[in-house]
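Undergrad:
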Amino acid sequence: MRIVRAIQSASALAGAIFITFNQPNREITGTDWIGLISLIIVGFGWLAANIVAFFTSNNKKQSWWLLVIAAGLALVVLIAIQNLDAKYQAFELAAHLFATLVVCQSVALLIIERSNKAERRENLIAVILAAALSLVLMFGSGQIDEVSILGFFNTFLIFSAVHLGISAATPKA
236 MRIVRAIQSA SALAGAIFIT FNQPNREITG TDWIGLISLI IVGFGWLAAN IVAFFTSNNK
296 KQSWWLLVIA AGLALVVLIA IQNLDAKYQA FELAAHLFAT LVVCQSVALL IIERSNKAER
356 RENLIAVILA AALSLVLMFG SGQIDEVSIL GFFNTFLIFS AVHLGISAAT PKA
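So the sequence shown is numbered by the working numbering: it starts at 236 and just counts up by one.
1) Helix, strand or coil, according to DSSP, for Ala404 in the structure here?
2) Check whether the segment 376-395 and the segment 326-334 are in contact - that is, three or more C-beta pairs closer than 8 angstroms.
3) In whole angstroms, what is the alpha-carbon distance linking Ile347 and Asn260?
4) Hey, could you find the ends of the alpha helix (DSSP H) Ser376 is sitting in?
5) Check this for me: beta carbons of Ile276 and Ser244, under 8 angstroms apart or not?
6) Using alpha carbons as the reference points, say which of Phe279, Ser298, Leu359 lies closest to Ile235.
7) Can you give me the Cβ contacts of Asn257 inside the same chain, cut-off strictly under 6 angstroms, excluding the 5 residues immediately before and after it?
8) Just the Cα atoms here: how many angstroms apart are Leu359 and Phe326?
9) What's the C-alpha gap between Phe289 and Leu302?
10) With 16 as the cutoff for other CB atoms within 10 Å, does Trp300 come out buried or exposed?
11) For the alpha helix (DSSP H) containing Gly250, list its first residue and its last residue.
12) My understanding is that Ser369 touches Ala334, with C-beta atoms under 8 angstroms, so please give their C-beta distance in whole angstroms.
13) Compare the C-alpha of Gly265 against each of Gly375, Ser376, Asp380 and name the closest.
14) Using a 10 Å radius around the Cβ and a threshold of 16 neighbouring Cβ atoms, would you call Ile213 buried or exposed?
15) Taking only three categories from DSSP, how would you classify Asp267?
16) Which residues in the same chain have their Cβ closer than 6 angstroms to the Cβ of Leu392, if we skip the five residues on either side of it in sequence?
17) Using CA coordinates, which residue listed in Ser376, Val397, Leu271 is at the minimum distance from Asp320?
18) Taking 7 angstroms as the limit between beta carbons, can you name the residues of its chain near Ile304, skipping five residues before and five after?
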């Protein structure tokens, strides 16, 4: 799982860097476009990580969950690509779907990895981070402006990149 977390960490970091350094161009490109491109970057990275995990996992129950989540991530990437010229609601929908998939994946792995304490801890942290983003998107829909939504997504990516990077570098991960 170390290589999987390293791939996820690198893609989350790439998405966060993309958002951060495109903020000055927000007036030209639009907040929704920046969010969707970063979601495509992260989605492709996490899709690749799930495919790698599927082929390297010895646990068949875990493998099929990862494949189902990979299909959902492919759907998120397709939604993001399809709506690159759309409005703010497309990014919010795709980001909410992404956060929900991360919660589902982490909860499934939390249930499956009952014997490994380190894996459970890492999956629990991932559940908390993704659930926080999902709750902000769910309850803030229509009440929070698009720049704040993008900021919350960027914060999620940065925290996830740090958490997954530390987890991938830890010898027991």
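For each residue, glycine too, the CB sits at the ideal point set by N, CA and C. Values in this document were obtained by computation on a predicted structure and should not be read as measured data.
TA: Taking the definition as stated:
1) helix
2) yes
3) 44 angstroms
4) Element bounds for Ser376: n/a, residue is neither H nor E.
5) no
6) Beyond the ends of the chain as shown, which are 236 and 408, falls residue 235; an answer cannot be given.
7) Ile269
8) 26 angstroms
9) 6 angstroms
10) buried
11) 237-257
12) 4 angstroms
13) Asp380
14) Here the chain comprises residues numbered 236 to 408, so residue 213 is not present and cannot be evaluated.
15) helix
16) Ala247, Gly250, Ala251
17) Leu271
18) Asn285, Leu336, Cys339, Gln340
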